[in-house]
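For the sequence shown, numbering that gives the first Met the number 0 begins at 0 and goes up steadily by one.
Don't be surprised by glycine CBs; every beta carbon is placed ideally from N, CA and C.
The structure under discussion appears below in the form of C-alpha cells.
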Amino acid sequence: MSLELALRATEVLLALAFLQQSAEHMAGFRDEQILHGPRLLLAGLLLFGIATPWVLLGLVIVGLLLLQRFQGPYNGGSDKMSLLILCCLTAARWLPSEQWQEYAFAYLAGQLVICYFISGQVKIVNPEWRSGRALQDVFRFSAYPVSEGLRRLADRPRLLWAMGWAVMLFEVLFPLALFSREALVLALFTAALFHLANACLFGLNRFFWIWLAAYPSLLWLQERAVL
Numbered sequence: 000m001s002l003e004l005a006l007r008a009t010e011v012l013l014a015l016a017f018l019q020q021s022a023e024h025m026a027g028f029r030d031e032q033i034l035h036g037p038r039l040l041l042a043g044l045l046l047f048g049i050a051t052p053w054v055l056l057g058l059v060i061v062g063l064l065l066l067q068r069f070q071g072p073y074n075g076g077s078d079k080m081s082l083l084i085l086c087c088l089t090a091a092r093w094l095p096s097e098q099w100q101e102y103a104f105a106y107l108a109g110q111l112v113i114c115y116f117i118s119g120q121v122k123i124v125n126p127e128w129r130s131g132r133a134l135q136d137v138f139r140f141s142a143y144p145v146s147e148g149l150r151r152l153a154d155r156p157r158l159l160w161a162m163g164w165a166v167m168l169f170e171v172l173f174p175l176a177l178f179s180r181e182a183l184v185l186a187l188f189t190a191a192l193f194h195l196a197n198a199c200l201f202g203l204n205r206f207f208w209i210w211l212a213a214y215p216s217l218l219w220l221q222e223r224a225v226l
C-alpha cells in the first residue's frame, strides 16, 4: 500500500466518521449547530478529495473550537482519536518532504498500537478485570447497555470472565501482529468486530468508525517496514 493510497483511505474513513458525529449535533443547541454545520461541509469536501490540505486545516480549527466549547474531548477516547488522526493527516499533507510526511503518518500507526496495548495492560493488572467482576458491573450497573435485556448477562459470570480475558489477551498481544501481514489483517478484522460489538451492546458507535479510520496507517507502516 503506497503512502498516498493509505492517506486517501484514511481521509475517506475520517470524513465518514465526522459526517456521522456532526449529524448528531445538528438537532442540538444553536452554538453546536454553528460549529458542526461547517464541520459537515468540510467533511463532505474531504470525502471527495476537494482542496484536501486546506480542508484538513479547517477541520483542525473547528476541532480546537469544539474543544473550547465542550471544555475538552467531551466524548472521551473517540474524540481524542479523531483529533489524533486529523492532526497526523494534516501534518502529512502540509509537511514539505515525503520523509517527514511518512514520519507523521507512522506516528499515527504507532499510537494505534500503543492504544490497544495500554488498554489491555491497564485491564490485566486490575484484579476486577481478571476475575470478571468489571464486566459484571458494566452490565449490571452502568448506563451503557443499549437494552435492559442485556443486563441479564451479569448473571453469567463464567461467560463474562472468558470475554474479559479474551479482550485483555488480544489487546496486550496486539503488537505481535506487526510481524506478519496475515496476522495484522486478522488482528485488525478482530479489532473491528470488537468495536462493532461495543457499538451494538453499549451504543459506542463513534469508536467503531473512528478506530477504523486509523487502520490504513498501520497496514501501510507494516508493509513499509517490510520493504
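For the alpha helix (DSSP H) that residue i lies in, which residues bound it at each end?
i    : result
D78  : 76-93
G57  : 51-69
R29  : 29-46
L195 : 180-201
E3   : 2-22
E101 : 97-123
F169 : 156-172
S130 : 126-130
Using a Cβ-Cβ cutoff of less than 6 Å, which residues in the same chain neighbour residue i once the five nearest sequence positions on both sides are dropped?
i    : result
A108 : S216, L217, L220
W167 : For clarity, residue 167 is Met in the given sequence; the question names Trp instead. Hits under 6 Å: G119, K122, I123.
S96  : none
L13  : I84, A212
Whose C-beta lies closer than 8 Å to the C-beta of residue i among residues of the same chain, with five residues either side of it excluded?
i    : result
E222 : M0, R180
A198 : N204, F206, F207
Q32  : H24, M25
P37  : G57, V61
Run the proximity test for residue i: is its beta-carbon closer than 7 Å to any non-hydrogen atom belonging to the ligand NAD?
i    : result
N197 : Summarising the ligand content, the structure contains no ligands, and the ligand NAD is consequently not present.
Under 7 Å Cβ to Cβ from residue i, same chain only, skipping five residues before and after it: list those, please.
i    : result
D30  : R68
P52  : R92, W93
V266 : The requested residue 266 is not part of the displayed model; the chain covers only 0 to 226.
V54  : L41, L44, L45
M162 : L134
E127 : A133
V59  : L85, C86, T89
H35  : S21, H24, M25
Three-pair Cβ contact test at 8 Å for the segment 156-173 versus the segment 119-139: yes
Touching by the beta-carbon criterion (3+ pairs, under 8 Å), the segment 75-82 and the segment 187-202: no
The segment 85-98 contacting the segment 4-17, beta-carbon criterion three pairs below 8 Å: yes
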